[in-house]
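Residue numbers (my numbering), protein chains in the order written: chain F, 7 to 86; chain V, 3 to 254; chain Y, 2 to 116. For each residue, glycine too, the CB sits at the ideal point set by N, CA and C. So the structure is just underneath, and the comments pick up after that.
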Amino acid sequence: MSEAVIAVALVWVAASGTAVVLTRDPLRQAFVAGFFGLGLAFLYLSMQAGDVALSQIVVGAIALPLIVLLSLAKVRKGRE
Amino acid sequence: MSRRARLAFFAVAAAGLAVTLGVGLAGLPSFGSQLTAYARMLNELASPQRHVTDVVSAITFDYRGIDTLFEEFILLAAVAGISVLLRPLSDESRQLPEDKAPNRKIPPPSPAVWLLAVLLSSLLALIGLETITHGVLTPGGGFQAGVILASAIYVIYLGTNYATVERFQPDPLLEASDGVGAFGYVVIGLLGLLAGDVFLSNVVGLGVTGNLIAGGTIPLLNLVVGVEVAGGFAILASEFLDQTAVIRTERR
Amino acid sequence: MSVLAYGVVAWLFLVGIYGVVTSRNLIHMVVCLSVAQSATDVLLLEIGYRTGGHAPVFVSLPTHPGPAVDAVMQALALTDVVVGAAVTALLLALVVQVHKRAGTLDPDALRATRD
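As structure tokens, this is what we get:
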């Protein structure tokens with residue numbers, strides 16, 4: 007049973023990782039990256055790594071999208 | 003080199019890398035079959051030796067405490083690098099955000115959003131404090147809790163405006179907490195030297211397994227690392243926020 | 002299962018590097034780099050996994066639940082995730098300053114020499 011969960015999580019991670027790379031627009035890529043971070047957290051949790059999953063959730067869902075979106079806002083403002 | 007040449011070179015190099023990775027990964031033991039002897043030994047010994055129930059915390063802050071010191075300093079260096087990179091340059095000035103229409107202040111956010119920001123940030127601050135203190139018992143600890151505490155400040159920005167969040171994160175306080183956290187780790191390590199043992203050895207009383215205050219220096223190190231990571235991530239976001247909201251290039 | 006597990010690691014790494022090489026936007030490039038970095042975290046945890054193992058948290062339970070997974074790998078991966086995010090932020094700060102000076106985010110349009 008746990009093997010099946012890990013397999014599902016691995017496929018989720020691989021698919022969303024590919025989607026992150028193939029999304030060329032940085033704004034959309036930030037959202038797909040949030041989905042990828044969630045998949046990573048699910049994978050870590052299914053491999054019985056609670057500490058790492060907690061780190062990945064807070065970093066991948068909060069810190070990283072915030073930094074990317076603030077950089078995008080700065081770049082767009084510079085273009086106006 | 004041109005783009006085409008670069009892509010062709012990458013195709014060849016990636017094929018080579020894929021083959022090497024495949025051969026290397028195939029040599030690993032099959033997934034989930036065995037643990038290293040070090041891991042098995044630590045799982046057996048960490049709880050009786052250090053009186054903690056979360057072995058990962060014991061490893062991070064005690065058995066491999068010196069690695070965590072270096073990781074913490076990488077974080078400090080990265081945050082210092084960001085502060086240097088995003089400083090106001092010679093042709094830029096700091097101006098508070100203002101409405102595009104003259105003689106008009108930026109309207110405050112709606113009360114519902116403000117209330118949600120208050121609730122969420124209080125909840126996040128409490129969860130962060132709980133994660134720091136329970137790091138010796140359950141999954142948690144300084145690193146995760148530091149980011150949770152920093153995100154309490156992010157939520158304040160998202161629900162209110164720039165002026166409000168600046169009140170909650172004065173620069174001297176953030177920089178002081180970052181520095182105090184990093185320095186505190188070294189000081190606690192020096193306690194080991196002062197007691198006649200090696201650097202970063204666990205010399206404070208160990209306590210009873212299952213209590214919040216157990217494990218000697220481990221909860222103390224959790225606390226200083228939490229303060230440092232929270233300060234570091236708050237500085238990080240505050241620098242980016244300043245760039246977006248406040249720093250403007252002067253027209254030549 | 003081994004093939005899937007280790008194959009995903011190799012795939013994530015290669016896809017991340019492919020994204021860096023073929024990127025036309027510096028911010029896109031930095032996020033692809035973070036994808037490649039997460040491949041190493043996944044590999045660390047996969048090496049430390051034991052089938053039927055439980056998390057290495059030893060509260061007193063009435064029955065013994067079996068072996069635990071590797072805690073050393075989790076300690077390594079845990080700090081790696083947080084510090085990796087800080088380094089990604091450093092790269093994005095570089096990107097912001099590059100955009101201020103060069104006016105473009107296209108890596109092919111950047112020049113090494115000043116005009």
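- Task: At 8 Å on the CB atoms, spell out the chain V contacts of F:V65, in chain order.
- Result: For the purposes of this step, residue 65 of chain F is taken as residue 59 along the first sequence, with counting starting at 1. In chain order: V149.
- Query: To the nearest angstrom, how far is it from the Cα of V:L303 to the Cα of V:G233?
  - Reply: With chain V covering 3 to 254 only, the question about residue 303 of chain V has no answer from this structure.
- In whole angstroms, what is the alpha-carbon distance linking Y:T105 and Y:V99? Stepping through the third sequence from its first residue, residue 105 of chain Y is reached at position 104. Stepping through the third sequence from its first residue, residue 99 of chain Y is reached at position 98. Approximately 8 Å, taken between the alpha carbons.
- Test: Y:A86 CB closer than 9 Å to a CB of chain F: Mapped onto the third sequence, residue 86 of chain Y falls at position 85. True, the Cβ-Cβ gap to chain F drops below 9 Å.
- Give the C-beta separation of V:G161 and V:L118 to the nearest angstrom, bearing in mind that I take them to be a contact with Cβ-Cβ under 8 Å. What you label residue 161 of chain V is simply residue 159 of the second sequence in a count that begins at 1. What you label residue 118 of chain V is simply residue 116 of the second sequence in a count that begins at 1. Contact holds; Cβ gap of about 6 Å.
- Got a sec: is the Cβ-Cβ distance from F:G56 to anything in chain V below 9 Å? The residue you call residue 56 of chain F lines up with position 50 of the first sequence. True, the Cβ-Cβ gap to chain V drops below 9 Å.
- From V:D93 to Y:R51, what distance separates their C-alpha atoms? Taking the first residue of the second sequence as 1, we reach residue 93 of chain V at position 91. Taking the first residue of the third sequence as 1, we reach residue 51 of chain Y at position 50. Answer to the nearest angstrom: the Cα atoms are 57 Å apart.
- Message: Between Y:M74 and Y:I48, how many whole angstroms is the CB-CB distance? I'm expecting something under 8 Å.
- Response: Here the question's residue 74 of chain Y lines up with position 73 in the third sequence. Here the question's residue 48 of chain Y lines up with position 47 in the third sequence. Correct: roughly 6 Å between the Cβ atoms.
- Query: For the candidate residues V:Y40, V:P221 and V:F201, whose alpha-carbon lies nearest to that of V:G207?
  - Reply: By one-based count along the second sequence, residue 207 of chain V stands at place 205. Minimum Cα distance to V:G207 is reached at V:P221.
- List the residues of chain Y whose Cβ lies closer than 9 Å to the Cβ of F:G40, in chain order. Walking along the first sequence from the start, residue 40 of chain F turns up at place 34. In chain Y, no part has a C-beta under 9 Å from the C-beta of F:G40; the shortest such distance is about 11 Å.
- Query: For Y:C33, which option in Y:A103, Y:P66, Y:H55 and Y:A86 has the closest C-alpha, if you only look at C-alpha atoms?
  - Reply: Here residue 33 of chain Y is taken as the residue at index 32 of the third sequence, counted from 1. Measuring from the Cα of Y:C33, the nearest candidate turns out to be Y:A86.
- Item | Closest residue to V:A236 among F:V65, F:R34 and F:W18 (Cα-Cα distance) | Working through the second sequence from its first residue, we reach residue 236 of chain V at position 234. Comparing Cα positions, the closest option is F:V65.
- Message: Taking the straight line between their C-alpha atoms, what separation do you get for V:S95 and F:K83?
- Response: If you number the second sequence from 1, residue 95 of chain V lands on position 93. If you number the first sequence from 1, residue 83 of chain F lands on position 77. In a straight line, the C-alpha of V:S95 is about 15 Å away from that of F:K83.
- Query: How would you list, in chain order, the residues of chain V whose beta-carbon sits under 7 Å from the beta-carbon of F:L72?
  - Reply: Mapped onto the first sequence, residue 72 of chain F falls at position 66. The contact set of F:L72 on chain V, defined by CB atoms closer than 7 Å, consists of Y156 and A239 in chain order.
- Task: Note down, in chain order, all residues in the segment 209 to 226 of chain V with a beta-carbon under 9 Å from any beta-carbon belonging to chain F.
- Result: Near chain F, meaning a CB-to-CB distance below 9 Å, no residue of the segment 209 to 226 of chain V qualifies.
- Where Y:D107 sits in the DSSP three-state scheme: Within the third sequence, the letter at position 106 stands for residue 107 of chain Y. Here Y:D107 sits in coil by DSSP.
- Query: Just how far apart, CA to CA, sit V:S203 and V:A15?
  - Reply: Within the second sequence, the letter at position 201 stands for residue 203 of chain V. Within the second sequence, the letter at position 13 stands for residue 15 of chain V. CA-CA distance, V:S203 to V:A15, rounds to 46 Å.
- Is the segment 60 to 76 of chain F in contact with the segment 81 to 95 of chain Y, if contact means three or more CB pairs nearer than 8 Å? As far as the Cβ criterion goes, the segment 60 to 76 of chain F touches the segment 81 to 95 of chain Y, which means the pair count is three or higher.
- Query: Nearest-angstrom Cα distance between Y:G54 and F:G56?
  - Reply: As a first step, residue 54 of chain Y must be located in the third sequence, where it is residue number 53. As a first step, residue 56 of chain F must be located in the first sequence, where it is residue number 50. Taking the straight line joining both Cα atoms gives about 13 Å.
- Item | chain Y residues whose Cβ lies nearer than 7 Å to that of F:K80 | For the purposes of this step, residue 80 of chain F is taken as the residue at position 74 of the first sequence. The answer, in chain order, is V97.
- Please list, in chain order, all residues of the same chain as V:A147 whose beta carbon is under 6 Å from its beta carbon, the five residues on each side excluded. Residue 147 of chain V sits at position 145 when you count from the first residue of the second sequence. Contacts found: G130, T133, I134 and G228.
- Task: Please state whether DSSP places F:I12 in a helix, a strand or coil.
- Result: As a working mapping, residue 12 of chain F is identified with position 6 in the first sequence. Note: F:I12 maps to helix in three-state DSSP.
- 8 Å contact criterion, which V:V167 and V:I150 should meet: CB distance rounded: Locating residue 167 of chain V in the second sequence gives position 165, where the first residue counts as 1. Locating residue 150 of chain V in the second sequence gives position 148, where the first residue counts as 1. Contact flag wrong, Cβ pair sits at about 17 Å.
- Item | Presumed contact (8 Å Cβ cut-off) between V:G186 and V:T55, rounded CB distance | As a first step, residue 186 of chain V must be located in the second sequence, where it is residue number 184. As a first step, residue 55 of chain V must be located in the second sequence, where it is residue number 53. Rounded to the nearest angstrom, the Cβ distance from V:G186 to V:T55 is 24 Å, too far for a contact under 8 Å.
- Message: With a threshold of 6 Å on Cβ separation, who are the neighbours of V:G1 within its own chain once the five nearest residues in sequence on each side are excluded?
- Response: With chain V running from 3 to 254 in the structure shown, residue 1 of chain V is simply not present.
- Query: Counting pairs of Cβ atoms below 8 Å between the segment 26 to 34 of chain F and the segment 14 to 25 of chain Y, do you hit three or more?
  - Reply: With three or more CB-CB distances shorter than 8 Å, the segment 26 to 34 of chain F counts as touching the segment 14 to 25 of chain Y.
- Determine the chain V residues that contact F:L60 at a beta-carbon separation under 8 Å, and present them in chain order. The sequence position of residue 60 of chain F within the first sequence is 54, counting from 1. Residues of chain V passing the Cβ test: T133, P141, G142 and Q146.
- Task: Just confirm the distance between the C-beta atoms of V:E241 and V:S85, as a whole number of angstroms; I'd bet it's less than 8 Å.
- Result: The sequence position of residue 241 of chain V within the second sequence is 239, counting from 1. The sequence position of residue 85 of chain V within the second sequence is 83, counting from 1. Contact holds; Cβ gap of about 6 Å.
- Message: Once DSSP output is grouped into helix, strand and coil, what is the label at V:D244?
- Response: The residue you call residue 244 of chain V lines up with position 242 of the second sequence. Helix at V:D244.
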